[in-house]
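Notes follow the structure.
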Amino acid sequence: AMQDDFDICLVLNTRMAARTVTRLADRRLRPFGVTAAQFNIMGMLVSRPNRSISEMASELAMERTTLSRNLALLERKGLIATEATAEGKARPFALTETGRAAFDKAVPEWRRSIADLRLALRDPNYETVINGLRTIARL
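Going letter by letter, the sequence shown gives residues 1292 to 1430 in this note's numbering.
Put into structure tokens, the structure is as follows:
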């Protein structure tokens, strides 16, 4: 009975699923020089600019230290930048021209990876899985 408890453990199964999906996405995005986490960060900078580090970390479900490390890596790669304001305060990060071009090039491959996951998920279907995960995330 104990093995059955572990087989249906939501913590274990969501962690295993998250690792697998991340590994698959990392593999698909490797030719574009970014990880799945970095691609998500870039996507947020495009779709929801001017977020603070805390807001970004919360919306990306990422630890602040992990986000900061990935922002630094993206900045070193020349894909994102921040500018100082006249008062010397740092502006939020934004994609550079190079970063936007890299992001735009990667989007079709990211969309294909989502399409592949949709095909792999038949019962329950993709929408059911996503809605279930969103429900859990709101707990």
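Glycine residues also receive a C-beta, built at the ideal position from the N, C-alpha and C atoms.
Please read these numbers as outputs of a predicted model, since none were measured by experiment.
To the nearest angstrom, how far is the alpha carbon of residue i from that of residue j?
i            : j            : result
residue 1395 : residue 1328 : 16 angstroms
residue 1419 : residue 1378 : 49 angstroms
residue 1330 : residue 1423 : 23 angstroms
residue 1412 : residue 1374 : 43 angstroms
residue 1366 : residue 1385 : 10 angstroms
residue 1427 : residue 1370 : 33 angstroms
residue 1406 : residue 1319 : 13 angstroms
residue 1408 : residue 1417 : 8 angstroms
Which partner residues of residue i appear in the DSSP bridge assignment?
i            : result
residue 1352 : Answer by DSSP bridge pairing: none, since residue 1352 is not bridged.
residue 1385 : 1372
Quick check on the burial criterion: 16 or more other C-beta atoms within 10 angstroms. Buried or exposed for residue i?
i            : result
residue 1390 : buried
residue 1303 : exposed
residue 1352 : exposed
residue 1307 : exposed
Going by beta carbon distance, what residues of the same chain come within less than 6 angstroms of residue i, once the five residues before and after it are set aside?
i            : result
residue 1383 : 1341
residue 1372 : 1387
In this structure, does DSSP put residue i in helix, strand or coil?
i            : result
residue 1338 : helix
residue 1318 : helix
residue 1378 : coil
residue 1331 : helix
residue 1399 : helix
Could you name the residues of the same chain whose beta carbon sits closer than 8 angstroms to that of residue i, not counting the 5 residues immediately before and after it, in chain order?
i            : result
residue 1345 : 1355
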